[in-house]
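Adding 14 to a residue's 1-based position in the sequence shown gives its number in my numbering. All C-beta atoms in this analysis are idealised placements derived from N, C-alpha and C, irrespective of residue type, glycine included.
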Amino acid sequence: MAFFKSKSGNTAGLVDLDHLPRHIAIIMDGNGRWAKKRGLPRTAGHKVGAEVFRTIATYCKDLGVDYLTVYAFSTENWKRPQDEVNTIMTLLKKYLLESIDTMAKDNIRLRFLGDLSVLSEELQELTEETNAISATLDGFQANICLNYGGRDEILRAARSFAEDCAIGTIGADALTEELFSEKLFSGGLPDPDLIIRPGGEKRVSNFLLWQCAYSEFIFTDTLWPDFKKEDLDAAIIEYQSRNRRYGGV
Ligand code: FPP
Numbered sequence: 015m016a017f018f019k020s021k022s023g024n025t026a027g028l029v030d031l032d033h034l035p036r037h038i039a040i041i042m043d044g045n046g047r048w049a050k051k052r053g054l055p056r057t058a059g060h061k062v063g064a065e066v067f068r069t070i071a072t073y074c075k076d077l078g079v080d081y082l083t084v085y086a087f088s089t090e091n092w093k094r095p096q097d098e099v100n101t102i103m104t105l106l107k108k109y110l111l112e113s114i115d116t117m118a119k120d121n122i123r124l125r126f127l128g129d130l131s132v133l134s135e136e137l138q139e140l141t142e143e144t145n146a147i148s149a150t151l152d153g154f155q156a157n158i159c160l161n162y163g164g165r166d167e168i169l170r171a172a173r174s175f176a177e178d179c180a181i182g183t184i185g186a187d188a189l190t191e192e193l194f195s196e197k198l199f200s201g202g203l204p205d206p207d208l209i210i211r212p213g214g215e216k217r218v219s220n221f222l223l224w225q226c227a228y229s230e231f232i233f234t235d236t237l238w239p240d241f242k243k244e245d246l247d248a249a250i251i252e253y254q255s256r257n258r259r260y261g262g263v
């Protein structure tokens, strides 16, 4: 067995590298409160949050996790003040521009889950560019949920299946979980093994509703901008102590 202990020594135990969650998903929550506590605008929290995402994604890759999926912008987040929405979109643009220069060297693939058609033309072009680079790579994959909602994703898949039925390419009886999964934004991805929600709230907030059926959840009060590699170690260690029974005994 290979074990990993972070240099800080802060972790409660050791990460077993032979039993890593293959797919980790994170609801990056608490950016606004982090900023408010410091007397800063909420947007300052998102700026730090974006840096933390980069650090944690690189750390997942270094540990040997195959997939990291993060909730960057939900279908409901458009209700936020315009300057906050603009800041998040600007951070995404910055991240994508930087990734275009570095992802091939680092062998990091990027994929986007959500309806991108409402994003600015510039952002859509950047996502297409990173998709094209990703197609040439085979390493760690970061999935960024953008204008994503779990219910919206399920509705779209149901609609698409209904259309297939209407034109007769498939009969309703032929629908299986596997076929339905393929129609989701996440088609082809394994379900998340571990979902982490920093920020103190204990809810799913429309994130990966179909995919989380047998995920292990870890909720922590740490606000996302304060989330460190050691917090990821601690979450993985707790995950590794759980007994996943998938409805069996
Ligand atoms: C939730 O915290 C966070 C968001 C809605 C935005 C997350 C976006 C980023 C971290 C930046 C862009 C991402 C990438 C991948 C570069 P909140 O604002 O709801 O915090 P609060 O609950 O304290 O108000």
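Would you call residue i buried or exposed, if buried means 16 or more other Cβ atoms sit within 10 Å of its Cβ?
| i | result |
| --- | --- |
| Val29 | buried |
| Gln96 | exposed |
| Val66 | buried |
| Thr183 | exposed |
| Ala149 | exposed |
| Ile181 | exposed |
| Gly185 | exposed |
| Asp43 | buried |
| Pro204 | exposed |
| Gly202 | exposed |
| Leu323 | The requested residue 323 does not occur in the structure, where the chain is confined to residues 15 to 263. |
| Glu215 | exposed |
| Leu193 | exposed |
Candidates the options: which alpha carbon is nearest residue i's?
| i | options | result |
| --- | --- | --- |
| Asn161 | Leu111, Glu65, Phe221 | Phe221 |
| Phe154 | Val263, Gly78, Leu223, Arg47 | Gly78 |
| Gly128 | Tyr85, Val62, Ser113, Ala71 | Tyr85 |
| Gln138 | Met103, Arg170, Ala149, Asp152 | Met103 |
| Gly261 | Tyr228, Ala180, Asp240, Ile158 | Tyr228 |
| Leu106 | Glu177, Arg256, Leu130 | Leu130 |
| Gly213 | Arg47, Gly185, Ala39 | Arg47 |
| Asn100 | Asp240, Leu133, Val263 | Leu133 |
| Thr69 | Arg94, Phe87, Tyr109, Glu90 | Tyr109 |
| Lys242 | Ala64, Asn91, His37, Arg123 | Ala64 |
| Tyr81 | Arg170, Phe126, Ile147, Asp43 | Phe126 |
| Asn91 | Glu135, Ser219, Asn145 | Ser219 |
| Pro239 | Arg56, Ile38, Arg36 | Arg56 |
| Lys75 | Ile38, Gly163, Glu196 | Ile38 |
| Phe87 | Arg259, Tyr73, Ile40, Glu112 | Ile40 |
| Leu14 | Glu215, Lys93, Asn145 | Residue 14 lies beyond the range of the chain shown here (15 to 263); nothing can be said about it. |
Taking only the alpha-carbon atoms, compute the straight-line gap between residue i and residue j and give it to the nearest angstrom.
| i | j | result |
| --- | --- | --- |
| Phe175 | Glu191 | 12 Å |
| Thr25 | Asp245 | Low confidence applies here, because Thr25 scores a pLDDT of 49, under 50, leaving its location unreliable and the question unanswered by this model. |
| Asp207 | Ser200 | 14 Å |
| Leu237 | Ala248 | 15 Å |
| Glu230 | Gln254 | 10 Å |
| Ala156 | Asp120 | 12 Å |
| Ile210 | Ala58 | 22 Å |
| Asn45 | Glu167 | 25 Å |
| Arg165 | Cys226 | 13 Å |
| Ala49 | Ala71 | 22 Å |
| Lys21 | Asp235 | Confidence in Lys21 is poor, its pLDDT being 47 and thus under 50, which makes the residue's placement unreliable; the coordinate value appears in the next sentence. Taking the straight line joining both Cα atoms gives about 23 Å. |
| Glu177 | Lys51 | 50 Å |
| Ala172 | Gly53 | 45 Å |
| Glu142 | Lys61 | 23 Å |
| Ile250 | Cys179 | 42 Å |
| Leu151 | Arg123 | 6 Å |
| Ile232 | Thr83 | 15 Å |
| Cys159 | Thr89 | 10 Å |
| Arg217 | Leu223 | 11 Å |
| Arg36 | Arg170 | 26 Å |
| Asn257 | Asp187 | 34 Å |
| Gly136 | Leu189 | Correcting the residue type first, residue 136 is Glu in the shown sequence and not Gly. Cα-Cα distance, rounded: 37 Å. |
| Glu252 | Tyr73 | 17 Å |
| Arg94 | Val263 | 44 Å |
For ligand 2, I want to know if residue i counts as a neighbour, meaning its beta carbon is within less than 6 Å of at least one of the ligand's heavy atoms.
| i | result |
| --- | --- |
| Leu111 | Ligands displayed in this structure: ligand 1; ligand 2 is not among them. |
Give a yes or no on whether the minimum CB-CB distance between residue i and chain C is below 7 Å.
| i | result |
| --- | --- |
| Leu223 | Of the protein chains in this structure there is only one, and it is not chain C. |
- Item | Within the segment 53 to 100, ranges of the beta strand (DSSP E) (whole runs, at least 3 residues) | 81 to 88
- Task: Taking only runs that begin and end inside the segment 107 to 164, name each unbroken alpha helix (DSSP H) of 4 or more residues, in chain order.
- Result: 135 to 148
- At a cut of 8 Å, does the segment 102 to 118 reach the segment 31 to 42 through at least three beta carbon pairs? no
- Item | Contained beta strand (DSSP E) runs [length at least 3] in the segment 195 to 246, N- to C-terminal order | 208 to 211, 230 to 233
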